[in-house]
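Everything on this sheet refers to the single structure shown next.
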Amino acid sequence: MQLTTRKTVNQWTEYTLTNDHDMSVSFLDFGGIITKMMVPNREGKLENIVLSYEDYKQYEDNPNYFGALIGRVAGRIEKASFELDGKEYLLIPNEGKHHLHGGTTGFHQVLWETKPFQTENEIGMKLFHSSPDNDGGYPGNLDVTVKYTLTNDNEFIIDYEAVSDQKTIISLTNHTYFNLSGNLKDTVEQHVVMMDCEEVLELDHELIPTGKLMEVKGTPFDFSQGRTLAEGIQSEHPQNIIAGNGYDHYFLLNDGTIVVKDESSGRVMKVKTNQPGVVMYTSNTLEEGLQLQGGISKQYSGVCFETQGSPASLHHTVLPEITLQAGEKYQKQTIFSFQNE
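Taking this note's numbering, the leading residue of the sequence shown gets 39, the next gets one more, and so forth.
Right under this line is the structure:
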């Protein structure tokens, strides 16, 4: 196992974790951005399975949030405001009148402090950031630690921890776009996804949750037996059409497990989380023509599995809360494991 480093053109540091099977994960100290994930296919060939810019300068703006850590709150906060204990907090709107992925001071655009670690079967990096009280409008001084771990079992583990000196809201995630075909050989339309979920959050035309939980049975949102993403992309279901012909929805998970398969490469990715749900986004509105590592971006080039608590809980009581009490420890984990069939 080894850790290598290099300086990018922006003078950020890119770290690469490599395990004993030559699987590797590369990421920046800027935004915690995952830039490459080299995973073997069924023939043992290592290929990159995440979307990333060819020119790292594009990460400065990164409107697609490629590979980035998202905080303080992942997802859209309706009308860029919320209430805590009777007090209204106003955030910076950065998507129309709404607040998306932490806003203009989000964690995807901060330089994280780093500290490496290694054990017999793991290698990794701890990333640290302190977000001051009223940062972007959020209450509380928040200290965040994110741990990236690569194991010899071909698992990539993300551990999130945070503590605040005031009651606040928090829901951290990672916004990596996966494409298991490897080196952008194909879109993700033929990826098969399986997850145990009975309800998804209905969206309005601005992609803001209405507060209504929609039963998935008999719809393209039922992944209990596994289905291709193409089924939703090509669907006439009003919710698929609202999302831009695909998925951009919050799925409430029963057991915290998602399985993704790509028949062409043989790669299987299992996602395991203790978050209550996941936003699955099939890059319906991804800008076309971007120069990425391995090729040019187009619609459905990748799929995100943003494990998180839903910010819709701030306005609708049907969902688990994302509040954090003063002094309480926020602790969440998501594991991405890889194998072949």
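We put the beta carbon where it would ideally sit given N, CA and C, even for glycine. Predicted, not measured: the structure shown is a model, and the values here were computed from it.
Cβ neighbour criterion (16 or more within 10 Å) applied to residue i
{"i": "D286", "result": "buried"}
{"i": "N312", "result": "exposed"}
{"i": "A364", "result": "exposed"}
{"i": "K299", "result": "buried"}
{"i": "S262", "result": "exposed"}
{"i": "D173", "result": "buried"}
{"i": "F120", "result": "buried"}
{"i": "H136", "result": "buried"}
{"i": "R44", "result": "exposed"}
{"i": "F155", "result": "exposed"}
{"i": "K370", "result": "buried"}
{"i": "T73", "result": "buried"}
{"i": "Q272", "result": "exposed"}
{"i": "E244", "result": "exposed"}
{"i": "T142", "result": "exposed"}
{"i": "G284", "result": "buried"}
{"i": "I246", "result": "buried"}
{"i": "T211", "result": "buried"}
{"i": "L180", "result": "buried"}
Three-state class that DSSP yields for residue i in the structure shown
{"i": "S302", "result": "coil"}
{"i": "F120", "result": "strand"}
{"i": "G249", "result": "strand"}
{"i": "Q40", "result": "strand"}
{"i": "E126", "result": "strand"}
{"i": "P349", "result": "helix"}
{"i": "H229", "result": "coil"}
{"i": "F68", "result": "strand"}
{"i": "F145", "result": "helix"}
{"i": "D203", "result": "coil"}
{"i": "Y368", "result": "strand"}
{"i": "K95", "result": "helix"}
{"i": "D173", "result": "helix"}
{"i": "V254", "result": "coil"}
{"i": "N378", "result": "strand"}
{"i": "G383", "result": "The structure shown does not extend to residue 383, since the chain spans only 39 to 379, so no value can be given for it."}
{"i": "P78", "result": "strand"}
{"i": "R110", "result": "coil"}
{"i": "K336", "result": "coil"}
{"i": "S262", "result": "coil"}
{"i": "T214", "result": "coil"}
{"i": "V356", "result": "coil"}
{"i": "E193", "result": "strand"}
{"i": "I115", "result": "strand"}
{"i": "Q331", "result": "coil"}
{"i": "T46", "result": "coil"}
{"i": "H243", "result": "coil"}
{"i": "Y103", "result": "coil"}
{"i": "M307", "result": "strand"}
{"i": "I373", "result": "strand"}
{"i": "D60", "result": "coil"}
{"i": "E325", "result": "coil"}
{"i": "Y288", "result": "strand"}
First through last residue of the alpha helix (DSSP H) which encompasses residue i
{"i": "I271", "result": "267-271"}
{"i": "I280", "result": "276-280"}
Supposed close pair residue i, residue j - CB separation, criterion 8 angstroms
{"i": "K95", "j": "N48", "result": "6 angstroms"}
{"i": "R110", "j": "G140", "result": "5 angstroms"}
{"i": "I130", "j": "A118", "result": "7 angstroms"}
{"i": "I87", "j": "S209", "result": "In fact, because the Cβ distance is near 25 angstroms, the residues do not count as touching under 8 angstroms."}
{"i": "L393", "j": "G315", "result": "Any answer about residue 393 is impossible in this case: the structure gives the chain only from 39 up to 379."}
{"i": "G220", "j": "E85", "result": "3 angstroms"}
{"i": "I161", "j": "L66", "result": "Going by Cβ atoms, the distance from I161 to L66 rounds to 17 angstroms, so no, they are not a contact pair."}
{"i": "T266", "j": "Y338", "result": "Not confirmed; about 11 angstroms, so no contact."}
{"i": "V306", "j": "E379", "result": "6 angstroms"}
{"i": "G69", "j": "Y97", "result": "7 angstroms"}
{"i": "T355", "j": "V309", "result": "Their Cβ separation, rounded to whole angstroms, is 27 angstroms, which puts T355 and V309 out of contact at 8 angstroms."}
{"i": "L362", "j": "S168", "result": "The Cβ separation is near 15 angstroms, so there is no contact."}
{"i": "D123", "j": "K205", "result": "7 angstroms"}
{"i": "T183", "j": "G105", "result": "Actually they do not touch by this definition, with Cβ atoms about 19 angstroms apart."}
Segment limits, beta strand (DSSP E) that includes residue i
{"i": "M318", "result": "315-319"}
{"i": "I87", "result": "From DSSP, I87 is part of no beta strand (DSSP E); its letter is neither H nor E."}
{"i": "K153", "result": "151-156"}
{"i": "S168", "result": "160-169"}
{"i": "V184", "result": "180-189"}
{"i": "Y53", "result": "51-56"}
The ligand SAH heavy atom lying under 7 angstroms from the CB of residue i
{"i": "L251", "result": "Of ligands this structure carries none, so the ligand SAH is not represented either."}
Min CB distance residue i to chain C below 8 angstroms
{"i": "K164", "result": "Protein chains in the displayed structure number just one, and chain C is not present."}
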